[in-house]
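Per my numbering, residue 25 is the first one in the sequence shown, and the count goes up by one each step.
Report on the structure given below.
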Amino acid sequence: MSERATTSVRESLGTRFWNGPAARIVVIAVLALVVAAALILVTGTASHASVPEAVAPTPPVDPVVPNGTGGLSININGPDGTPSSAIVTLVGITLLSVAPALLLMMTSFTKIFVVLAMARNALALPSIPPNQVLAGLALFLSLFIMAPVITDINTHALQPYLNGHIDFTQSIDLATKPLRTFMLAHTREEDLALMTRAAGLANPKDPSSVSLPTLIPAFMISELRAAFIIGFVIFVPFLVIDLVVSAALMSMGMMMLPPVMISLPFKILLFVLVDGWGLIITTLISSYRGS
25 MSERATTSVR
35 ESLGTRFWNG
45 PAARIVVIAV
55 LALVVAAALI
65 LVTGTASHAS
75 VPEAVAPTPP
85 VDPVVPNGTG
95 GLSININGPD
105 GTPSSAIVTL
115 VGITLLSVAP
125 ALLLMMTSFT
135 KIFVVLAMAR
145 NALALPSIPP
155 NQVLAGLALF
165 LSLFIMAPVI
175 TDINTHALQP
185 YLNGHIDFTQ
195 SIDLATKPLR
205 TFMLAHTREE
215 DLALMTRAAG
225 LANPKDPSSV
235 SLPTLIPAFM
245 ISELRAAFII
255 GFVIFVPFLV
265 IDLVVSAALM
275 SMGMMMLPPV
285 MISLPFKILL
295 FVLVDGWGLI
305 ITTLISSYRG
315 S
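Following this line, the structure appears as structure tokens:
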């Protein structure tokens with residue numbers, strides 16, 4: 025091929041390249057590089073121009089001597105006067121944590137549970153009914169007996185506090201009054217005097233002026249005394265049955281036979297015939313009537 029023909033072919037290929045899509049792609053890439061370089065230059069200049077000037081440091085301030093009038097105050101109520109939900113939740117958790125102690129010390133639960141347990145032992149059935157059944161029965165009987173006190177606390181102390189009509193301190197004072205009245209109605213003066221002397225306090229002017237740390241143990245002692253009296257009355261008829269069965273076995277020469285095995289069916293039969301559970305529960309409820 026001649027030199028002229030070769031030159032003509034090269035010119036034809038170059039014309040096709042620059043007029044084809046490849047040329048357009050190259051041009052677009054070059055323009056994109058130019059625009060990116062321009063943006064980098066502008067951003068670098070702006071960031072360099074936005075550097076703040078150095079500010080002189082502020083001289084330290086001399087300490088101020090406190091004047092003794094400051095203090096810390098905590099407001100547990102919300103903006104509308106009602107207690108906040110966080111405070112209500114905290115109080116509820118606290119009450120749940122101390123609820124077993126309050127149930128044992130300030131209600132009729134202790135007396136009822138002791139009487140039911142003594143009735144079970146009088147029948148010579150140490151595990152029937154189980155402790156869970158006796159505790160559940162004592163709990164609901166306590167709620168039944170304490171219903172007026174609980175209603176009074178809810179009406180005059182809890183609801184006004186939740187509605188923002190009284191503060192927390194007033195709510196505690198109003199809630200204590202019904203419990204104090206209930207415990208004083210079932211506490212002997214001898215037990216109050218015993219706890220007052222044990223604490224080394226002066227004799228109160230009247231029972232209503234006794235403090236709660238003195239009233240609560242006196243109330244528990246009185247409840248235990250009343251429970252043991254009721255338990256003694258329950259034990260007497262079953263003791264008679266044991267004596268009769270033991271004497272009958274001795275007269276027949278059956279000294280090796282345990283009297284409990286023979287007397288247990290008669291005890292259960294007597295307890296069912298006289299409606300023992302009904303009598304015990306009626307006696308317990310009647311002992312708190314009118315308080």
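Beta carbons are placed, not taken as given, at the ideal position from N, Cα and C, and that holds for glycine.
None of these values were measured; they are calculated from a predicted model.
In the three-state reduction of the DSSP assignment, G277 falls in the coil class, being assigned neither a helical nor a strand state. In this structure, the CA atom of V234 is about 12 Å from the CA atom of R221. Between I177 and A209, the C-beta spacing is not below 9 Å. In this structure, DSSP gives N187 a state outside helix and strand, which the three-state scheme calls coil. Taking a contact to require three or more Cβ pairs closer than 8 Å, the segment 247-259 and the segment 133-143 qualify as touching. Straight through space, the alpha carbons of M280 and V268 are spaced by roughly 16 Å.
Distance from the CA atom of V298 to the CA atom of K291, rounded to whole angstroms, is 11 Å. The distance from the Cβ of I304 to that of A143 is about 6 Å, consistent with a contact at the 8 Å cut-off. With a threshold of 16 other beta carbon atoms within 10 Å, V260 falls short and is exposed. For N178, no alpha helix (DSSP H) segment is defined, and its DSSP state is neither H nor E. For the pair L163 and F206, the CB atoms are not nearer than the 9 Å cut-off.
In the assembly as shown, M219 is a buried residue. Its beta-carbon has 16 or more other beta-carbons within 10 Å. About 5 Å separates the beta carbons of T211 and S246, which is inside the 8 Å limit, making them a contact pair. In this chain, A148 is not harboured by any alpha helix (DSSP H), its DSSP state being neither H nor E. Around the C-beta of M278, fewer than 16 other C-beta atoms lie within 10 Å, and the residue is accordingly described as exposed.
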